[in-house]
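Heads up, the sequence shown is in our numbering, so the first residue is -5 and it goes up one at a time. All C-beta atoms in this analysis are idealised placements derived from N, C-alpha and C, irrespective of residue type, glycine included. Working notes, structure below.
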Amino acid sequence: MQWKNIYRGLFIGISDLIPGVSGGTIAFIMGIYDELLASISGFFSREWKKYIGFLLPLGIGIGIALLVFSKMIEYLLVNHHAPTQFFFMGLIIGVLPFITKHVNMKKNFKLQHFLIILLVGVALASLAFLKPQDTNPITVLTSANALKLFFAGWLGSMAMLLPGISGSFILLLLGVYSTAIGALSNLNLPIIAVIGAGVIVGFIVSSKVISFLLSNYTYLTFSIIIGLIIGSIFVIYPGVPDHGTEFVMSVIAFIVGLIVASLFSSPNKA
């Protein structure tokens, strides 16, 4: 068992609670992104036992984060929104040098790859102009809202595995983010189960698709990933804080995020 994956799972789980921050980006920061995709894909095969040692501790960490930190994240986003967002901006920006070095961008990227980065980055950044209105939380399941929550979990989990796209932001766009956070905070097991089922299906599908693309269209896929990561910075950017104390806290949080990313952006350090 790779028990150190518990703390990795904690970071991934915390990031997945925050609209605009991708668990896939955090996995990249920690140097386990490729192994995560391979393990999720391989778990749903005849050789599933080979991947338990990696996935079980990671799943435990993610589960703990979702259950324990959901209330804390709610509190931070409400009461310290800007510093929290700037911390994650630091994480996201801090991972870019690692990824560009990982793919040897200067040697392997051509003009079309940089154009893809630009187009994807602009497309995702444009989401910053959307003002999604989350609906009232669902607390009681019906056949209609159960189907909606299942597919929301499906789409959200597919986004979670892609660096740069936030699963929570997808839930927010679909109007079910408050439902998901409320279910986790209050242990509403039926709603957790329905969304969770959608998440599992999404993981199965997206892990195989992303693994295929990384294996067969490596630089094209990485150019899309880099574009998504750059675009996500604009999505979560909260603006310059007006209050002096909050501005200082935001600067410190941003620097801490950069430092954390630099510490984790290596398989040997994660």
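Legend entry - Burial state of N182, where buried means 16 or more other Cβ atoms lie within 10 Å: What you label residue 182 is simply residue 188 of the sequence shown in a count that begins at 1. N182 comes out buried.
Inset, instruction - Using only alpha-carbon positions, find the residue among I159, L257, P131 that is nearest to S179. - result: Your numbering for residue 179 matches position 185 in the sequence shown. The shortest Cα separation from S179 among I159, L257, P131 belongs to P131.
Legend entry - L135 beta carbon less than 9 angstroms from that of S16: Locating residue 16 in the sequence shown gives position 22, counting from the first residue. Locating residue 135 in the sequence shown gives position 141, counting from the first residue. Contact: no.
Inset, instruction - Please specify which runs of the alpha helix (DSSP H), each continuous and at least 4 residues long, are wholly inside the segment 73 to 117, giving them in chain order. - result: 75 to 96, 99 to 102
Inset, instruction - Please determine, among F80, P51, A146, the residue with the shortest C-alpha to C-alpha distance to A191. - result: The sequence position of residue 191 within the sequence shown is 197, counting from 1. Comparing Cα positions, the closest option is A146.
Inset, instruction - Kindly list the residues whose CB is nearer than 6 angstroms to the CB of I175, restricted to its own chain and excluding five residues on each side of it in sequence; keep chain order. - result: For the purposes of this step, residue 175 is taken as residue 181 along the sequence shown, with counting starting at 1. Once the five neighbours on either side are set aside, the close Cβ partners of I175 are S64.
Inset, instruction - With DSSP as the reference, label V193 as helix, strand or coil. - result: In the sequence shown, the residue the question calls residue 193 occupies position 199. Note: V193 maps to helix in three-state DSSP.
Inset, instruction - For the alpha helix (DSSP H) holding E29, just list the boundary residues, first then last. - result: If you number the sequence shown from 1, residue 29 lands on position 35. From DSSP, the alpha helix (DSSP H) with E29 extends over 27 to 37.
Legend entry - Sequence ranges, alpha helix (DSSP H) only - wholly within the segment 40 to 76, length at least 4: 46 to 62, 64 to 73
Inset, instruction - Return the first residue and the last residue of the alpha helix (DSSP H) that I227 is part of. - result: Taking the sequence shown and counting its residues from 1, the one referred to as residue 227 is at position 233. Taken as a continuous stretch (DSSP letters only), the alpha helix (DSSP H) holding I227 covers 212 to 230.
Inset, instruction - Count the CB pairs spanning the segment 236 to 247 and the segment 71 to 86 that are closer than 8 angstroms, and state whether there are at least three. - result: yes
Inset, instruction - Starting from D236, trace the alpha helix (DSSP H) both ways and give me its first and last residue. - result: If you number the sequence shown from 1, residue 236 lands on position 242. Neither: D236 is in no alpha helix (DSSP H) and is coded neither H nor E.
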